[in-house]
Structures are given as structure tokens and as C-alpha cells.
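If you read the protein sequences in the order shown, they are chains B and Y.
Here this note's numbering is used: the first residue of the first sequence is 1, the next is one more, and so on.
Here this note's numbering is used: the first residue of the second sequence is 471, the next is one more, and so on.
For every residue, glycine included, the Cβ atom is placed at its ideal position computed from N, Cα and C.
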Amino acid sequence: MGTISSAFSLISSALDADQAALGIVANNVANANTPGYTREVPNWRENTPVEINGIRYGTGVTQTGATSVRDRVLTARLDQQQQLASASGARLAALDTTETLFKPNTGSSGTNAGDIGSDITSFFNSFSSLEANPTNNALRQQVLSTGSTLAGDISNAASNVHAQRASLDEEASGISAQVNALTGQIAQLNVQIQSTSPNGDAGVLEDQRQQALSKLSQLIGINQVPTEDNGLAVTTTSGQTLVSHGTSYTLTNGMVDGLTHFFVGTTDVTSQLTTGGGQLGGILAARDVDIPGVLNALDTLAYNISSSVNTQNNAGIDLAADDSTSGDIFAQRTAVTGSAEAMRVVMTDPNRIAAAGLGQASGNNSNAIAMANLANQTIVDGQSPINFYSGFVTSFGSTVSQVQTENAAETASVTQLQTQNNALSAVNLNDEASALMMIERSYQAGAKVFALLNTLMGSAINLGSPTTVS
Amino acid sequence: MRATWRSLLTKGKTMRVDPSYVTNLVGALDQSELSQQQLTAQLSSGVRVNSLSEDPLAAGQNVLLLNQVQRDDSFTQSSNLVMGQLQVADSVLGQVVQQLTQAVSLSVSANNGTMNASNVKSISNQIAGIRGEVLGLANTSYQGQYIFAGGQTANSPFTLSSGVTRDTVTYNGDQDSNYLETPNGQKIQLNIPGDQIFSGSGVNDVFAALNNLVADYSSGTVDTAQAVKDSQALSSALNYVSQQRVSLDNSITQLTAATDAVSSEQTQVVAAQTNLMQANVATVATQLALSKAQQTALQSVIAQLGSGSLFDKL
Numbered sequence: 001m002g003t004i005s006s007a008f009s010l011i012s013s014a015l016d017a018d019q020a021a022l023g024i025v026a027n028n029v030a031n032a033n034t035p036g037y038t039r040e041v042p043n044w045r046e047n048t049p050v051e052i053n054g055i056r057y058g059t060g061v062t063q064t065g066a067t068s069v070r071d072r073v074l075t076a077r078l079d080q081q082q083q084l085a086s087a088s089g090a091r092l093a094a095l096d097t098t099e100t101l102f103k104p105n106t107g108s109s110g111t112n113a114g115d116i117g118s119d120i121t122s123f124f125n126s127f128s129s130l131e132a133n134p135t136n137n138a139l140r141q142q143v144l145s146t147g148s149t150l151a152g153d154i155s156n157a158a159s160n161v162h163a164q165r166a167s168l169d170e171e172a173s174g175i176s177a178q179v180n181a182l183t184g185q186i187a188q189l190n191v192q193i194q195s196t197s198p199n200g201d202a203g204v205l206e207d208q209r210q211q212a213l214s215k216l217s218q219l220i221g222i223n224q225v226p227t228e229d230n231g232l233a234v235t236t237t238s239g240q241t242l243v244s245h246g247t248s249y250t251l252t253n254g255m256v257d258g259l260t261h262f263f264v265g266t267t268d269v270t271s272q273l274t275t276g277g278g279q280l281g282g283i284l285a286a287r288d289v290d291i292p293g294v295l296n297a298l299d300t301l302a303y304n305i306s307s308s309v310n311t312q313n314n315a316g317i318d319l320a321a322d323d324s325t326s327g328d329i330f331a332q333r334t335a336v337t338g339s340a341e342a343m344r345v346v347m348t349d350p351n352r353i354a355a356a357g358l359g360q361a362s363g364n365n366s367n368a369i370a371m372a373n374l375a376n377q378t379i380v381d382g383q384s385p386i387n388f389y390s391g392f393v394t395s396f397g398s399t400v401s402q403v404q405t406e407n408a409a410e411t412a413s414v415t416q417l418q419t420q421n422n423a424l425s426a427v428n429l430n431d432e433a434s435a436l437m438m439i440e441r442s443y444q445a446g447a448k449v450f451a452l453l454n455t456l457m458g459s460a461i462n463l464g465s466p467t468t469v470s
Numbered sequence: 471m472r473a474t475w476r477s478l479l480t481k482g483k484t485m486r487v488d489p490s491y492v493t494n495l496v497g498a499l500d501q502s503e504l505s506q507q508q509l510t511a512q513l514s515s516g517v518r519v520n521s522l523s524e525d526p527l528a529a530g531q532n533v534l535l536l537n538q539v540q541r542d543d544s545f546t547q548s549s550n551l552v553m554g555q556l557q558v559a560d561s562v563l564g565q566v567v568q569q570l571t572q573a574v575s576l577s578v579s580a581n582n583g584t585m586n587a588s589n590v591k592s593i594s595n596q597i598a599g600i601r602g603e604v605l606g607l608a609n610t611s612y613q614g615q616y617i618f619a620g621g622q623t624a625n626s627p628f629t630l631s632s633g634v635t636r637d638t639v640t641y642n643g644d645q646d647s648n649y650l651e652t653p654n655g656q657k658i659q660l661n662i663p664g665d666q667i668f669s670g671s672g673v674n675d676v677f678a679a680l681n682n683l684v685a686d687y688s689s690g691t692v693d694t695a696q697a698v699k700d701s702q703a704l705s706s707a708l709n710y711v712s713q714q715r716v717s718l719d720n721s722i723t724q725l726t727a728a729t730d731a732v733s734s735e736q737t738q739v740v741a742a743q744t745n746l747m748q749a750n751v752a753t754v755a756t757q758l759a760l761s762k763a764q765q766t767a768l769q770s771v772i773a774q775l776g777s778g779s780l781f782d783k784l
């Protein structure tokens, strides 16, 4: 067409496009600090030109809307790493608490209260001291009091660990509700996205879905599987479906053996979740793997010390000099489990301690020697008591140290991926400012052209006419 | 213009920056703070390993070293207790030997035939007195325990009963010996049963010899052959007691040596444990200074970078 009026409509389409772009830039700046917001760029599209008599005429430009700049692969990788970092972080927090129960004894005279290693040594030393004067009442009392200290510290440690287990359990059970809220949200967003933009990026809805996925992956380990029509299926790391199209499957809690277990439908997914990642994975790893390990070690120590000492005491003669059993020093247990928490001294009369050997008179000390020598015998799981405790301390410390290293590495990796993601998708105010300037200039230019066209139109109208229109 | 729009769309990593990287610096600031706290804790407590995870091997080793130190300490205390008992036993036997020596010379003088009846009777009484002394010594108790009673330490081991022709001394203890075990398993004998010393398994019986001599001289007339035989029996019993004393001296020597060895081992182990667990103050102080410097630098970087964008210039 190539007329002035067509030029007018051409330029006004440009001005409209500029205004729309301005809106997008303004939106970016407004949402610069919104969590999960992905910056948008305007899409310019040249309108289809028309051809008349072999001559092409342009028809201007249109804004077709904004495109969010995101990399789905990158965000998925970020979520994966986030899962690992959250898991090791939660596990580390739990282990740090447990670790405080076994602080290394620093004084060379072994006076750290609560140190189980010193208690073991003091207890068996009390029998060594008894060798020198087997009938001495003060030395016998010493046996019972060092035994009480040992039993008290072991049972204290065990009950503290039990208490920690209970609190971890509570923390874990609270996560289900948060998970369900997020999966519900994702399911709804799936439906909305599939209906509004099944073939392209869904913009704000996509941002919201991404945000929900990021939070969810910090809570539990998930796999994200894109489905048709821009949908997303979410499963646990081991394959249990949590979200499929518009349906979310809730995670429910149930008590099994005094601990919270997690169910999807009727399937118990607890052991799968333990290795799956996320905060829940970390907590469950601490609750179901690390803490039982500590409890088992304490139980083994308590059980074996108690029964060996009791057996040895009953193999000698006490001061009452009767050949019947002298009695148990510690409460005798029938099973290893629970021995640590239940450990205590039941003997109240120091005269029932059998320092003399069978068939000997009260001044004999051979059973006291035997009791003292229990400290060097492999009575605890193939090791002497102090070697067992030393081994436990080293292996537990190593576990914590290892989780620390893992967590540091994973957190660093998350930071790196976060930086990459931000570089791509976060609002850079400098970029927005320069975009703004460009749009401003573009608008100014368009407006100028409009003014020129207006003058031209005036001239055309005035062609061959005595009256002037300005 | 189009070229610039396109560049805003592309994913060119080399061209784009993370606009929020200041938040990462905050993370580094937290780490620096944490490191400072740990170092300060080390410096104030003087201990390098404050938790198991800081050095698991050292923590495990520490348990074993402390165990050794405490055992050595306990043994030293026990050995002091026991040393007293051994020394008392030794000195008692020394006094017994003195008494018996005196008895022997009394009997020799009674046997030489130059004494009258009343002198001989007086010698009988003196020997009876010596017998009483020796009996008292044989019934010595230390810290409430009779030390020559074998295992029957609750009751006095030797009792005297008067007889028609001669008195008898009976042993009420047993043949049990106690040992003290050193930390490296050596056994040190703590006592010798009374009947071994004083009854000499029936062959060198101190009390039998004394009782015989008392009986020999009680009437005033001396059956020289019998008296000489009994004197010789007393002499050999005296020698036997001296030999037993040597056993006790051996125990004392062994115990002293063991205590010294344990004491010097304890010193070494304490030094090793200290080396393992104590913080090297110079190292920690240096690390702390570096950490503080890093923290200050980070803080000023964050303050500088957090401000301003192109919008300020528009």
C-alpha cells in the first residue's frame, strides 16, 4: 500500500510493541528479588509483509509476549544436588548432637565427668587395688562406687541417644505435611500449565512449579519426569509416584515399633526414603542407621561387662564365706538390646564382693586378680572393654568426619550450580536498565517518525489548496 | 538493536554474571566465622581435639593412652600400700631372728654344764619369755590383717596351749599366698604363710624347738644329749627363718623395681598423650590471625559490591 496512512498504522504498531516490551522490563525489575522468578524477555515478531503487484510492503512489528529464560536441565541438576546437600546437612546436624555425648577426655588424670573410657579403667582398677588388701571395706566400697559411676555414665549416654532418636522421629514426622502441601500444589500447577500452555514455556506458572519442586527436593529425594503437554511427573528417588498429571499421592505417617514410618498408599517407603536424599533422607539415615549403631555399641559394652563381672564374682568367695553364689554386682540382663540404658549396680553390701578364690579363706585375693584381669580379656565382642570403646570412638568420629566432608563438597556444588542458574535466569538490573534505555530510544524514534508523518500528511492535504492546514 | 536483544536471550555463560553472587560471599563469611570460633575454642581450652570428628584416630588413641596412665597411677598407689606390709613383715622377721639368736646363746650356756639348777630353771623362763615375744611377732597384724596367717587373715594364726610335759603352739592359718599383679603381668608375692616360716614344714619348727628347750630346762636338770639336739634344732630353725626373710626382701626389690618402671612409663605416656591432644598455641594463633584478616576483607568486599547498578546512572 505504501500510503501515509499505512505508515501511520505501521508506526503505531511499533509504539504498541515498545509499550508492551516496557511492561515486561518493568515486571522483571519489580520481581528482581522474588524467589524463583525467572527473567523474561520480550518476543518481537515482524508482521507478515503484503505483496501487491510484485512490490513488497512491510506491516510493522508485534509483541507476542514474554519468554522466560530458563534451562530445565540446569534446574533439575540443581535440585538433584540440593537433595544431596540437604540430606547430608540434616544427617550432620543430628550426628553433631550425638557427638557431644562422647567428648574426648583431655586431662591426663582422667577427670572428665561422664567419660566412659575413664570409667571403665577406674572400675577395673578398683579390683587391682583390692588385690593389695582384699578384706578392706573402703576398697570394697570403691569397687561398688566406681561400678555405679560406670553404669550411670553408660546409661546416661544411652538414654540421651534414645531421646535424640525420639526428637528426630518427631522432626521427620512433621515433614510429611509439608511434602503433601507441595505435591498438591505441583499437581494443581500441572493442570493449569497443561491447559494454558501445553506447547511452550508457561512463564509464571512454570516459575511457581519450579519453586515448589526446589522446596520439595530439599525435603525428600525426588525424580522429575517430564510428560506430554508440558506436564511433570514426580516420583521418589526409588520410583514411588508422588505426582502424576493432576493427581498427587499423599505421604502418610504410621507407627511401626515405636518409630514413625512413611507410607504412600499402603506401601512402606521408609527404607527407600532413607537413602533417597533430602532433609527427610538425612534425618532417617541418622535415626535408622547411625543412632542404632551407637546404641548397639553401648549395649554390647554394657551387656558384656555386666555379665563377665557377674560371672567372675560368682566364681569366688565373698566375705560371708558361703560357697553359694556371692551375687551379681550389676543387674543381669538376658538380651543385649537395652542393656546400656538399664545398666546399674544392684549389689549394696560390699562384703558380697568375691575377692577370694573358691575354696580359699577370706584373705585370699586370687578372684580379685581375676576380676582385674577381665580388663585385658576379650570379653566385649572379641576385644577388651577399653579397646572396644576406643574402636567405637574412632569409627563414630570417622563417620561424622566423613559426613562433614560430603556436606562441604555438596554444598559447594550447590553454590556453583546456583551461580550458573542465577547467571542465566536471575534479573540483572544492569541488563534491565540498558533494555529500558533502548526501548525509550526506540519509542522516541517512533514518536518522531509519527510527528514527521503528521507533517507530511498536513503537506499532502494542503497540496493545491489556498487554505493551509498545519 | 536486534543483536542486543538476541544476546539477552542466549545462554552464553562467558558473558553473563550471577547478579546475586554477593549472597555466596555471605556463605563464605559464615564459614570464616565458624573457623574462628573453633580456633578460639582450641586456644582457650588448650586442646586440639575438642570433638571426635576433628581427629577420630587421635580420639581413639587418646582413650587407650589415658587408660594406661590411670592403670599405672592405680598400681603406684597399691604398691605403696603393699610395700608397707612387706617392710613390716621383713622387720618382724628381723626381730624374730634376734630373739632366736638370744635363745640359742642362752641354751648353749645352759648346755655347757656349768650352771646350777636354779640358773637352768631361770634360763627356761627366759626362753619361755622369748617364746612369748616370738609368738607375739608371729601374730603381727598390719592394717587389721594378720600377715603370717596365709589366707586366714581375720584371726591370729598362732596359739599357745600349755601341756603337761611341754607346751604346744598350733597354727590356725593356711598355706595361701597372695600376689600383686603389675600392669605388665608380673606377679609379686605379698606374704609367706606362717607355718612355712615358723613351722618349716615340720622340719625347722621354731616353736617346737623353743617349747622343747623350755621343757628341757624347766626341771633344772639338763639331759645334755637331748638339750644339745634341741639347741641345734633351734639353730637350724633360725637359719631357716633368715632364708624366708630373703624371699620377702626379693619381693620388696621386685616391687620397688616394678614401681619405678611403671612410674617412668607413666611419665612417657603422659607426655605422649599431651602431645596428641594439646593445641600448638603458635599454630592456632597464626591461623586465627589469618582467619580474622580474611573475615575483615570479606566484609569490606561485600560492603563495596552490594551497592549500585546501572539504574543509579539513568
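| Check | Outcome |
| --- | --- |
| Going by DSSP in three states, Ala233 of chain B sits in which element: helix, strand or coil? | strand |
| Considering only their Cβ atoms, is the gap separating Asn625 of chain Y from Asn435 of chain Y smaller than 9 Å? | Nothing can be reported for residue 435 of chain Y, as the shown portion of chain Y is limited to 471 through 784. |
| Tell me whether the stretch 134 to 154 of chain B and the stretch 345 to 352 of chain B touch, counting them as touching only if at least three CB pairs, one residue from each stretch, are closer than 8 Å. | yes |
| Ignore the nearest five residues each way along the sequence and tell me which others in Pro49 of chain B's own chain have a CB closer than 7 Å to its CB. | Arg56, Tyr57, Gly58, Thr59 |
| List the whole-angstrom C-beta distance separating Ile722 of chain Y from Asp560 of chain Y, where the pair is believed to meet the contact cut-off of C-beta under 8 Å. | 7 Å |
| Leaving out five residues before and five after Thr485 of chain B in sequence, what residues of the same chain have Cβ atoms less than 6 Å from its Cβ? | Since the first residue of chain B shown is 1 and the last is 470, residue 485 of chain B is not available in this structure. |
| Kindly say whether Lys215 of chain B, judged by its beta-carbon, lies nearer than 9 Å to any beta-carbon of chain Y. | no |
| Suppose you measure from the CA of Ala302 of chain B to the CA of Pro292 of chain B; what does that come to, to the nearest Å? | 15 Å |
| Against Gln540 of chain Y, what residues of chain B qualify as contacts under a CB-to-CB distance less than 7 Å, listed in chain order? | Gly110, Ser118, Thr121, Ser122, Asn125 |
| Using the three-state DSSP reduction, which class does Gln360 of chain B fall into: helix, strand or coil? | coil |
| Please go through the same chain and pick out, in chain order, the residues whose beta-carbon is closer than 6 Å to the beta-carbon of Ser248 of chain B, but skip the five residues on each side of it. | Thr183, Gly184, Ala187 |
| Name the chain B residues whose beta carbon is nearer than 7 Å to that of Val519 of chain Y? | Pro104 |
| Say yes only if the C-beta of His162 of chain B is nearer than 8 Å to one or more non-hydrogen atoms of the ligand SAH, and no if none qualify. | The ligand SAH is not among the ligands present in this structure, which contains no ligands whatsoever. |
| When the cut-off is 9 Å and only beta carbons count, does Ser148 of chain B lie next to chain Y? | no |
| Secondary structure at Thr640 of chain Y, three-state DSSP: helix, strand or coil? | strand |
| So Ile24 of chain B is in the alpha helix (DSSP H); what residue range does that whole segment cover? | 4 to 30 |
| Going straight from the alpha carbon of Ser683 of chain Y to that of Ala619 of chain Y, what length do you get? | This sequence places Leu at residue 683 of chain Y; Ser is not what is there. For Leu683 of chain Y and Ala619 of chain Y, the distance between alpha carbons rounds to 25 Å. |
| Going by DSSP in three states, Phe124 of chain B sits in which element: helix, strand or coil? | helix |
| Please compile the residues from chain B whose C-beta is within a distance smaller than 8 Å of the C-beta of Gln613 of chain Y. | Asn133, Asn136 |
| Fully enclosed by the stretch 294 to 362 of chain B, which alpha helix (DSSP H) runs are 4 residues long or longer? | 339 to 342 |
| Nearest by alpha-carbon distance to Tyr687 of chain Y: which of Y:Phe668, Y:Thr635, Y:Ser548 is it? | Y:Thr635 |
| Between Ala767 of chain Y and Leu10 of chain B, what straight-line distance do the alpha-carbon atoms span, to the nearest angstrom? | 57 Å |
| Output the distance between the C-alpha atoms of Gly282 of chain B and Ser308 of chain B, rounded to the nearest integer angstrom. | 38 Å |
| For Leu130 of chain B versus Gln178 of chain B, is the C-beta distance shorter than 9 Å? | no |
| What number of angstroms, rounded off, separates the C-alpha of Thr484 of chain Y from the C-alpha of Ile193 of chain B? | With a pLDDT of 49 at Thr484 of chain Y, under the threshold of 50, the predicted position of this residue should be treated as unreliable, and no value is reported. |
| Under 9 Å between the Cβ atoms of Thr274 of chain B and Leu284 of chain B? | yes |
| Report back the beta-carbon spacing between Val590 of chain Y and Val692 of chain Y to the nearest angstrom; my notes put them in contact at under 8 Å. | 6 Å |
| Can you give me the C-alpha to C-alpha distance between Gln615 of chain Y and Ile116 of chain B, rounded to a whole angstrom? | 35 Å |
| Can a CB atom of chain Y be found closer than 9 Å to the CB of Leu10 of chain B? | no |
| Start and end of the beta strand (DSSP E) containing Gly554 of chain Y? | Note, Gly554 of chain Y: premise wrong, no beta strand (DSSP E); alpha helix (DSSP H) at 526 to 581. |
| Between Ile305 of chain B and Pro385 of chain B, how many whole angstroms is the CB-CB distance? I'm expecting something under 8 Å. | 6 Å |
| Do the stretch 396 to 413 of chain B and the stretch 98 to 106 of chain B make contact, defined as three or more Cβ pairs closer than 8 Å? | yes |
| Looking at Ser122 of chain B and Thr97 of chain B, is the spacing between their C-beta atoms short of 9 Å? | no |
| Could you tell me which residues DSSP puts in a beta bridge with Val380 of chain B? | B:Gln383 |
| Do Ile662 of chain Y and Gln714 of chain Y have their CB atoms nearer than 9 Å? | yes |
| Going by the beta-carbon positions, is the gap between Gln512 of chain Y and Ser761 of chain Y smaller than 9 Å? | no |
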